[in-house]
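Below is one structure, written out as structure tokens, with a few remarks after it.
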Amino acid sequence: MASTEWTPEELAAAVEAYLQMLELERCGEKYNKAAVQRMLVTGPIASRTSTEHRMQNISHALSLMGLPWIEGYKPLPNVGSHTVEALQKIIETYTAVDAAPLPLRPPVPVERSRKLPPTGYWMFVCNRKVWDGEAWLRDPEETLLYKVSDHNRREMQVGDLGVLRINAQKGSRAAAPLPAAVYAIVEVLDVPRLQSDVSEAQYADKADAEAITWRAPLKLLGNLVESPIAVDELPDDGDFAHFRMPLMTSTIPISRRAFSEVYQRAGLTRPDLTDEQKATTSAGIKMLELEASKADPTRRSRISKYIERGPIGRKVKEIRGCRCQICEALGFEPIAFLRKNGTPFAEAHHVQPVSLLMAGTLAASNVMVLCPNHHRQAHLGNFEVLEDGRHQWRISIDGRVLALPKTAL
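In my numbering, the protein residues as written are 40 to 448.
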């Protein structure tokens with residue numbers, strides 16, 4: 040019998056599928072919830088019979104973070120604080136600006152007996168003696184048509200992601216030896232189709248290019264030909280076993296962890312992130328701070344609004360339990376009111392206006408937790424910051440001088 044507690048791996052699999060459905064919904068793309076659940080309970084969450092409530096718990100975690108959630112999964116708060124915290128950390132990991140992108144869609148469901156079920160992430164195995172991938176990458180075309188193993192042809196989807204692994208090459212008098220390494224990061228542009236490859240240049244035998252076989256077009260996301268990632272430098276565990284000793288096939292499913300490791304070692308950042316998406320993570324806010332210094336006034340204003348709703352203020356409110364710091368200092372009830380879901384409400388006041396986008400204005404030490412009434416008074420009423428110290432503020436409000444502690448993350 041399965042434990043009632045979900046493992047970190049099970050939670051991560053559910054979050055990944057949820058975020059993929061959320062993005063499809065945002066783009067107006069159709070998806071099949073039942074197929075996604077079938078994929079999860081026959082694969083990464085095989086010990087569970089349903090994911091419905093967990094998906095609603097993820098909606099709850101997203102709502103607490105002030106982020107959008109899937110309309111069909113109404114937030115369900117009947118979940119322990121430990122699980123909510125775990126879900127939020129996973130969400131932050133998946134949505135960070137330096138995180139590897141997600142495949143467009145969740146994997147297709149397959150039989151539980153499959154030893155290597157599809158994951159949405161692939162390793163494309165290249166044999167230099169058949170096709171010179173390194174030479175192609177030194178003068179790449181817009182897309183690459185690559186052979187797909189017959190048993191994977193129904194499992195590879197548009198928007199899947201992958202890495203191109205090229206085998207080792209022995210040294211000679213004319214050239215130094217080359218280790219087996221990852222030379223590129225790619226995206227699948229279309230489903231595999233029976234076709235030949237009209238680009239014959241890098242094939243050792245043109246018959247291999249002319250052969251009618253399953254092939255899929257790939258888009259180059261990262262060209263690592265000048266600094267390939269040697270497979271011996273990757274972690275030595277099960278997720279990377281096929282990087283060292285690949286199967287005798289053209290395509291091999293790999294884990295999200297393996298793809299992310301390669302993506303981050305390649306030093307890539309997601310080019311598709313909007314300012315609003317960057318503002319949802321601490322790393323993204325740091326990126327926006329740098330970009331804002333060169334931005335025009337319109338974009339600076341937009342960035343400041345996104346950041347005001349970002350993660351720093353939420354985290355400070357969470358640490359302080361959404362208790363108004365001024366009410367506490369005055370001896371009043373510090374909780375303004377409870378939301379419909381039972382959680383306390385408070386607002387984040389940036390002492391130095393975020394609109395200035397100056398160094399430090401986005402830090403936790405610039406955020407004061409206030410009730411709605413005192414927040415309005417801080418902007419419009421008899422309120423003054425007398426001293427902005429390293430660990431506390433001294434403020435004056437209605438003639439009273441108070442010391443308010445700063446929050447450190």
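Glycine included, each C-beta is placed from N, C-alpha and C at the ideal position.
Residue i by DSSP, collapsed to three states: which one?
| i | result |
| --- | --- |
| R386 | A small fix is needed here, since residue 386 is Glu in this sequence, not Arg. Strand, per DSSP. |
| V408 | strand |
| R232 | strand |
| V147 | coil |
| T90 | coil |
| F376 | coil |
| Y70 | coil |
| Y112 | coil |
| W45 | coil |
| Q208 | strand |
| K354 | helix |
| I84 | coil |
| M78 | helix |
| N96 | helix |
| F298 | helix |
| S102 | helix |
| M40 | Per-residue confidence for M40 stands at a pLDDT of 43, beneath the threshold of 50, marking its modelled position as unreliable; the derived number appears in the next sentence. M40: coil per DSSP, three-state reduction. |
| V123 | helix |
| E180 | coil |
| C366 | helix |
| N117 | coil |
| F282 | helix |
| E194 | coil |
| R415 | helix |
Which residues share a DSSP beta bridge with residue i?
| i | result |
| --- | --- |
| F422 | I436 |
| E226 | L200, K258 |
| I268 | V221 |
| Q431 | P444 |
| K186 | R254 |
| F163 | L203, T290 |
| Y57 | Paired residues: none, contrary to the question. |
| W170 | Y242 |
I need the straight-line Cα distance from residue i to residue j, nearest angstrom please.
| i | j | result |
| --- | --- | --- |
| Q76 | T90 | 6 Å |
| I358 | A403 | 11 Å |
| S299 | A138 | 7 Å |
| R212 | Q241 | 23 Å |
| H190 | I109 | 33 Å |
| R65 | P140 | 16 Å |
| M40 | E48 | At M40, the pLDDT of 43 sits below 50, so the modelled position is not reliable and the matter cannot be decided from this model. |
| I365 | A385 | 12 Å |
| V408 | S435 | 16 Å |
| S86 | L419 | 56 Å |
| L103 | K379 | 12 Å |
| L184 | E173 | 15 Å |
| G67 | M60 | 10 Å |
| F163 | S152 | 23 Å |
| Y112 | T134 | 20 Å |
| N412 | L425 | 20 Å |
| D335 | T313 | 16 Å |
| P392 | D178 | 49 Å |
| W170 | D244 | 8 Å |
| L200 | P107 | 25 Å |
| A53 | L126 | 10 Å |
| P274 | L441 | 53 Å |
| T88 | G198 | 28 Å |
| S235 | P148 | 29 Å |
| D276 | K258 | 29 Å |
Take residue i and list the residues in its own chain whose beta-carbon comes closer than 6 Å to its own, dropping the five residues that flank it on each side.
| i | result |
| --- | --- |
| S188 | T288, S289, T290 |
| R304 | I268 |
| G82 | P156 |
| H99 | P114, L115, P116 |
Following a CB-centred definition, is residue i positioned closer than 7 Å to any heavy atom of the ligand FMN?
| i | result |
| --- | --- |
| W161 | Among the components of this structure there are no ligands whatsoever, and the ligand FMN is therefore not found. |
I want to see whether chain D comes within less than 8 Å of residue i, judged by CB atoms only; does it?
| i | result |
| --- | --- |
| P142 | In the structure shown, chain D does not exist; there is a single protein chain. |
Residues in its own chain within less than 7 Å of residue i by CB, not counting five upstream and five downstream?
| i | result |
| --- | --- |
| A56 | V75, L79, P145 |
| R296 | D278 |
| G261 | A223, I224, A305, L307 |
| R353 | M104, G105 |
Suppose the cutoff is 8 Å on Cβ atoms and the five residues either side in sequence are ignored; what does the same chain contact list for residue i look like?
| i | result |
| --- | --- |
| E367 | P373 |
| P444 | Q364, H430, Q431 |
| C165 | G172, L203, R204, I205, N206, Y222 |
| L58 | I130, Y133, T134, L141 |
| L63 | K69, Y70, L143, R144 |
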